[in-house]
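Basically this note's numbering = 1-based index in the sequence shown + 6.
Glycine included, every Cβ here is placed at the ideal spot set by N, Cα and C.
Quick caveat: nothing in here was measured; it's all calculated off a predicted structure.
Reading through the C-alpha cells given below for one structure.
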Amino acid sequence: FFDSWLGAAFGITTLAAAALGNMVGDTAGIWLGGTVEALAVRLGLPDPGMTRDQLRSAMAGMWKTAGSVCGIILGCLLGCFPLFWPKEWRLWPERSEEGAEGSGLVTQR
Numbered sequence: 007f008f009d010s011w012l013g014a015a016f017g018i019t020t021l022a023a024a025a026l027g028n029m030v031g032d033t034a035g036i037w038l039g040g041t042v043e044a045l046a047v048r049l050g051l052p053d054p055g056m057t058r059d060q061l062r063s064a065m066a067g068m069w070k071t072a073g074s075v076c077g078i079i080l081g082c083l084l085g086c087f088p089l090f091w092p093k094e095w096r097l098w099p100e101r102s103e104e105g106a107e108g109s110g111l112v113t114q115r
C-alpha cells in the first residue's frame, strides 16, 4: 500500500517507492528502539545489571547491533507479508484489472 501511494504521489517506479518505504520503516525501527527500552522498564522487566564498563564493551555493542539488525529484518519480512495474501483477500486490484484497457498496456495472465 505504502509503495503504491508513494509511487502515485511522486510519479516514481514501484521499486523506487518500495525502497523509500523500506528506508522510512528502517529509520522508524531505529528510532523506536529507545521506546521499546522505555516500555520494558514500564513493564517491570528486570534491568540487566551491567556496569558502565560492561555496557561500553565490544561484546555489548555487538549484541546491540545484532538486535537492531534482527529488528530491521523482522520489519522487512512483515512488510513483505501482504505479498503472500491470497488474491481473494487482497484489498487492492491486480494491475491487469486497474484500467489497462485503453492505456496501450499489454497484460499477461
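- L97 is classed as exposed because its beta carbon has fewer than 16 other beta carbons within 10 Å across all chains shown.
- Here G35 has G77, I78, G81 as same chain residues with Cβ atoms under 6 Å from its own Cβ, once five neighbours each way along the sequence are excluded.
- By a beta-carbon distance limit of 8 Å, T19 contacts G13. Their separation comes to about 7 Å.
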